[in-house]
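Notes to accompany the following structure.
In full-length UniProt numbering, the protein residues as written are 1 to 333.
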């Protein structure tokens, strides 16, 4: 049962029509029940609160509600998706170097009060870069899950406005929202707003947006962790690089990474008789997301053919289909 203090906060959030705070408290209650091994209760509570959309705010907020998710003035579209993630960091395949960096970020966050007594600050401004499909988004989700705080996912389709000056205004709205509370603020496709000001072909509006982002980053004081992710790190403005406390590069999986991923994806099914080592080279050059999709397709085919185990025939077929799919994409880019 939730403590009296938590219940008071929960009731107050409900009375104030503060859907964001209400759902944050609800999530904390669910996590507490999990720690007590009340898994059935936690599952039922999670289904009631978050199962349908994985968002933890309600559309019933009015425009005058100070807790409302910020919107773009031109389109009325919300600038953020607020999510609770269930990704475990142990389920993400990371290099030893990246694992160490992320562990340090998490450790510093949990010990931020100790650091502050020494006038030190934890790393809260992080840049993820590297090719698409190599784990940037899922790692951001896993960090939020490990810290047991929500993920604020920025929606660049609404932040980047057609109205002159409105993109900078939208960014300010996002930062103003994020400074209240503890979050992982995730800027995916960061190059959309962080592109180098040296690109002379770009409109001067881009330079204003980069300048605004620099000022917002410099003046942002909060326990919120900001993670920016890009597939095109060479396009990021040089001044922005210096603002990040940590830079983590996500590369395509090594042979060892591929084998670890295959073992994780197939651990819940019967694949007796298959030597996964001989398939590693077939996946060479693929991103983590490509391998993940192929594994899920193999399991689907196993289920649909009523097979009691994964076979070499099924696995070989889905790998060949994925190779053809990649060739088709590459030939049309």
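A virtual CB, placed ideally from N, CA and C, is assigned to each residue, including glycine.
Beta-bridge partners assigned by DSSP to residue 228: 127, 187. For residue 88 against residue 227, the beta-carbon gap comes to about 17 angstroms, at or over 8 angstroms, which does not count as contact. By the criterion of at least three beta-carbon pairs nearer than 8 angstroms, the region 147 to 158 is not in contact with the region 115 to 127.
Scanning 174, 253, 219, 243 for the CA closest to the CA of residue 289 turns up 253. DSSP, reduced to helix, strand and coil, places residue 330 within a helical segment of the structure shown. Residue pairing by DSSP puts residue 248 in a beta bridge opposite 128. Under the three-state reduction of DSSP, residue 182 is assigned to coil, being neither helix nor strand.
An exposed status is given to residue 328, since fewer than 16 other beta-carbon atoms sit within 10 Å of its beta-carbon. The beta carbons of residue 158 and residue 81 sit no closer together than 8 angstroms. Counting the other Cβ atoms within 10 Å of the Cβ of residue 110 gives fewer than 16, which makes it exposed.
The beta carbons of residue 229 and residue 136 sit closer together than 8 angstroms.
Going by DSSP, residue 10 is part of the alpha helix (DSSP H) stretching over 4 to 15.
Taking a C-beta distance under 8 angstroms as the contact criterion, residue 315 and residue 269 do not qualify as a contact pair.
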